[in-house]
Amino acid sequence: MVDMDDDEFIIGRDLLATLGTDVDRQLEQLAAHRDDETSGDPFSLEADEPPAERQAATDDEVCAAVEDLVEKALQHGFPPDRVDKLRLIVFEYDVWHLELRDDSPARVPPLEVHLKEGAQPRKKASQIPSSHSTIFT
Numbered sequence: 001m002v003d004m005d006d007d008e009f010i011i012g013r014d015l016l017a018t019l020g021t022d023v024d025r026q027l028e029q030l031a032a033h034r035d036d037e038t039s040g041d042p043f044s045l046e047a048d049e050p051p052a053e054r055q056a057a058t059d060d061e062v063c064a065a066v067e068d069l070v071e072k073a074l075q076h077g078f079p080p081d082r083v084d085k086l087r088l089i090v091f092e093y094d095v096w097h098l099e100l101r102d103d104s105p106a107r108v109p110p111l112e113v114h115l116k117e118g119a120q121p122r123k124k125a126s127q128i129p130s131s132h133s134t135i136f137t
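Those letters in the sequence shown? Residues 1 to 137, by UniProt numbering.
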């Protein structure tokens, strides 16, 4: 440990990995990032805006990606005798995308919840310790 009068705190790679930050992946992304008109300005918000014209993935690209997921499921222990049924289920509906988009909300009726006869609703116990409850009241 080195005594310093710095206001900075240096975090190691192990702690970052524990927190879910892959430093190597971020460096790869940074190296692959192409320069554009906003790349020199660290405070420009335009660099974070999505491109105005996005091309949606083709059906073949989506099917190939879903097929890759099915293959990964098999590699991770999915029963091979049920893979045909799995393929029927995953390809039955057009719900797969390769990137997040601003699609319209699903047109489904709202879920109605009914208690079984004789069931009594219960309130879940608070996750906040009673010693902290005065802060939130």
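Backbone N, C-alpha and C fix where the C-beta goes; we use that ideal spot for every residue, glycine too.
For residue i, the three-state DSSP class (helix, strand or coil)
i: V83; result: helix
i: Q55; result: coil
i: S104; result: coil
i: I89; result: helix
i: R25; result: helix
i: V66; result: helix
i: K72; result: helix
Boundaries of the alpha helix (DSSP H) in which residue i is found, first to last residue
i: T21; result: First-last for T21: undefined, no H or E at that position.
Residue from the options with nearest C-alpha to residue i
i: L86; options: V66, D103, P105, D102; result: V66
i: A57; options: D94, A125, A119, S126; result: D94
### Task
Decide if the stretch 96 to 105 is in contact with the stretch 61 to 79; the criterion is three or more beta carbon pairs, one per stretch, under 8 Å apart.
Yes, the stretch 96 to 105 is in contact with the stretch 61 to 79.
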